[in-house]
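Going by our numbering, the first residue of the sequence shown is number 52, and it counts up by one from there. The beta-carbon is built from N, C-alpha and C at its ideal position, and this holds for glycine as well. The block underneath contains the structure these notes are about, expressed in structure tokens.
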Amino acid sequence: MRIVVAPDSFKESLDARAVCEAVASGLARGWPGVEVISVPLADGGEGTVRAMVAATGGTCVTAAVSDPLGRPVAAEFGILGDGATAVIEMAAASGLALLTPEERNPLVTTTFGTGELIRAALDRKVRRIILGIGGSATVDGGVGAAQALGAAFLNAERAPIGPGGGALNALESISLDGLDRRLKSVKVEAACDVDNPLTGPTGSAAVYGPQKGATPEMVEQLEGNLVHLANVVERTLDVAIAMTPGAGAAGGLGAGLLAFLGATLRPGIDLVMDAVNFAEVIRGADLIITGEGRVDGQSVFGKVLSGVARVAAPQGIPVIALAGTLGQGWRDVLDAGITACFAIADGPIALSDAIDRAPDLLANTAEQLARTLKASGGY
């Protein structure tokens, strides 16, 4: 029997590779000699770099870049096994987790460090860049990232505007003449799992600004500034970004990547599965085991579970999901193509204990699953 283990990370507990290791150990206990292939996955958010590096036999690289407030920070990105593809999580340089609650202020935070990470990837002579754009601390429309790559954003006096979403109102012109020339021969793809536009009631400032520390007054200011940015972009570059689905992701970084780098926006799980050649890896498998920390009604929207089920369906491969917990609406994943779903807890348990015991809980559940499959003769 050939089993592919292809989970997401269990947030705050195990990365996807560690989940694979725990499940594989349990399967081996329950069915010695069973063939197990591990393919750690992610949906473009936290854990994407390490999952894709592990799945392709790549390497992780650390670069010195700027955090959202311009301070030095060591940020990790990945070079995949093909040697030609870089995978970057913008949160490593421009993420909310890099700031204390008191420091969160999207009027001044910038994506400049994300641009520096892209430049570091270009130094590695890659031909493709996959950029996960979740978890940002910024609402600067991607201007900071483009500035780090050589683009000029000028005020009425032809001087560069300052950092952060609060400075966008001073923008009068944009020049991409100084943009890093290496970008012309590199394909940039953004892993984007939201369809919010840049502006409006469902836009970046209104929906995500408060998460990044914006007061209602700041949200109003940021909204006006993003509208102004969109107008200048359309006038200067002839690119319409205000209402493009996904443009509002990561504080408007989606819009900036579209307008300044010519990037494409794609669902994160699709990018990850394509990069690891998932459809071919699972060919001939008898079973796929996937999972994530919490399975609920949101798990069917562009997440790992739904992506795995969608790719497995044409090959007729059953998919079993293991979860730390089953939340409201978890049965929706059954309608999305998951064959069965199991919580790994072995009784009433505190969250802290579940996190600490996650490797054992996963292995024990996988062992029981393997014993059941072996007793039934497998699929």
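Per DSSP, the bridge partner or partners of residue i
| i | result |
| --- | --- |
| Cys-111 | Gly-129 |
| Pro-123 | Ser-117 |
| Arg-317 | Ala-242 |
| Phe-61 | Leu-65 |
| Leu-39 | Because the chain here runs from 52 to 430, residue 39 falls outside it and cannot be looked at. |
| Val-87 | Ile-54 |
| Thr-136 | Arg-179 |
| Thr-341 | Ala-372 |
| Val-346 | Leu-377 |
Simplified DSSP state of residue i, which is helix, strand or coil
| i | result |
| --- | --- |
| Arg-53 | strand |
| Lys-354 | coil |
| Ala-409 | helix |
| Val-290 | coil |
| Ala-142 | helix |
| Val-323 | helix |
| Glu-271 | helix |
| Leu-92 | coil |
| Arg-334 | coil |
| Leu-78 | helix |
| Asn-328 | coil |
| Thr-99 | helix |
| Ala-265 | coil |
| Ala-298 | coil |
| Asn-276 | helix |
| Ser-427 | coil |
Pairwise C-alpha distance: residue j and residue i
| i | j | result |
| --- | --- | --- |
| Glu-86 | Asp-118 | 44 Å |
| Thr-136 | Ile-292 | 27 Å |
| Val-56 | Leu-78 | 10 Å |
| Pro-296 | Ala-306 | 9 Å |
| Leu-273 | Glu-140 | 24 Å |
| Asp-246 | Ser-255 | 10 Å |
| Ala-93 | Ala-265 | 29 Å |
| Gly-121 | Asp-386 | 46 Å |
| Gly-215 | Ile-400 | 44 Å |
| Leu-402 | Ser-145 | 29 Å |
| Arg-209 | Ile-225 | 10 Å |
| Ala-409 | Asp-231 | 45 Å |
| Met-103 | Ala-67 | 10 Å |
| Asp-407 | Gly-375 | 12 Å |
| Ala-125 | Ala-242 | 22 Å |
| Ile-54 | Thr-416 | 15 Å |
| Gly-109 | Phe-128 | 11 Å |
| Phe-352 | Pro-123 | 35 Å |
| Val-177 | Arg-422 | 45 Å |
| Ser-357 | Phe-393 | 16 Å |
| Thr-151 | Thr-162 | 17 Å |
| Gly-319 | Gly-192 | 20 Å |
| Gly-388 | Arg-334 | 17 Å |
| Leu-309 | Gly-398 | 48 Å |
| Asn-276 | Leu-227 | 20 Å |
| Gly-213 | Ala-203 | 11 Å |
| Asn-328 | Pro-365 | 15 Å |
| Ala-172 | His-279 | 31 Å |
| Ser-60 | Ala-199 | 31 Å |
| Val-258 | Gly-81 | 47 Å |
| Ser-169 | Glu-418 | For the record, residue 169 in the displayed sequence is Ile; it is not Ser. One C-alpha to the other measures close to 42 Å. |
| Ala-360 | Val-239 | 27 Å |
Residues near residue i by beta carbon distance below 8 Å, same chain, minus five either side
| i | result |
| --- | --- |
| Glu-153 | none |
| Ile-371 | Leu-338, Ile-339, Ile-340, Thr-341, Ile-389, Thr-390, Ala-391, Cys-392, Phe-393, Leu-420 |
| Leu-205 | Pro-211, Ile-212, Leu-222, Glu-223, Ser-224, Ile-225, Ser-226 |
Residues of its chain near residue i, where Cβ-Cβ distance is below 6 Å and the 5 sequence neighbours each way are ignored
| i | result |
| --- | --- |
| Val-332 | Val-90 |
| Lys-62 | Gly-344 |
| Ser-64 | Ile-406, Ala-409 |
Residue i CB to nearest heavy atom of the ligand SAM below 8 Å
| i | result |
| --- | --- |
| Cys-71 | This structure simply doesn't include the ligand SAM, nor any ligand for that matter. |
Close Cβ partners of residue i (< 7 Å) along its chain, the five nearest in sequence each way excluded
| i | result |
| --- | --- |
| Leu-413 | Val-70, Ala-73, Val-74, Gly-77, Leu-373, Ile-395 |
| Gln-379 | Asp-347, Gly-348 |
| Gly-260 | Pro-157, Val-190, Met-269, Val-270, Leu-273 |
| Gly-98 | Ser-60, Asp-66, Ala-67 |
Report the start-end ranges of each beta strand (DSSP E) in the segment 372-401 that is 3 residues or longer and not cut off at the edges.
391-394
Enumerated in chain order, which unbroken segments of the alpha helix (DSSP H) with a length of 4 residues or greater are wholly contained in the segment 155-241?
You should have 163-174, 194-199.
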